[in-house]
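Residue numbers (our numbering): 2 to 135.
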Amino acid sequence: MAQQTDDPQADREAAFVSSDDLPADTRRGGDVRTLLSPKTAGSTSGFMGVATLAPGDRISEHYHPYSEEFIYCVRGRIDAQLDGQSHELGERQAMLIPLNMKHRLVNDGDEEAFIVFHLGPLAPDPKLGHVDTE
Numbered sequence: 002m003a004q005q006t007d008d009p010q011a012d013r014e015a016a017f018v019s020s021d022d023l024p025a026d027t028r029r030g031g032d033v034r035t036l037l038s039p040k041t042a043g044s045t046s047g048f049m050g051v052a053t054l055a056p057g058d059r060i061s062e063h064y065h066p067y068s069e070e071f072i073y074c075v076r077g078r079i080d081a082q083l084d085g086q087s088h089e090l091g092e093r094q095a096m097l098i099p100l101n102m103k104h105r106l107v108n109d110g111d112e113e114a115f116i117v118f119h120l121g122p123l124a125p126d127p128k129l130g131h132v133d134t135e
């Protein structure tokens, strides 16, 4: 006998998305692709994606008033400028950026950097989730 549930997530299916199928977002620098989000996968608690930064590329300073940001560096290294202080994030290292912390990511090395990011929880409105400061 099937178990009854009031959970609206109970009938959902897994979502699969390829970064090759999504356009690059370059508005803030780098090649950013949001893979799993409410729009692409129906997520309800956050979103994740990948970013590629060529040598000299940067993602401009911004902050998230509703979300923590988790970043994992797969390849290369980046200078994570958090509230004006530089921190190196190298291959196979991760960092957590708290709510409201201004941050900028810079590839000041000589090889391409590739990172995976996740933000959560979601802002009440997508327009409120990302505040540019430069």
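Built from N, CA and C at the ideal position, the CB exists for glycine as well.
From a predicted model like this one, the values you see are computed outputs, not experimental measurements.
- Taking a contact to require three or more Cβ pairs closer than 8 Å, the region 48-62 and the region 102-121 qualify as touching.
- As far as DSSP is concerned, G57 takes part in no beta bridge.
- Residue V117 holds the alpha-carbon nearest to the alpha-carbon of V33 among V117, L129 and S87.
- For A95, the uninterrupted beta strand (DSSP E) run begins and ends at Q94 to I98, by DSSP.
- Taking the CA atoms as reference points, S46 sits about 33 Å from D109.
- Apart from sequence neighbours up to five positions away, the residues of its chain that approach L37 with a beta-carbon distance below 8 Å are A16, V18, S44, F48, M49 and G50, ordered along the chain.
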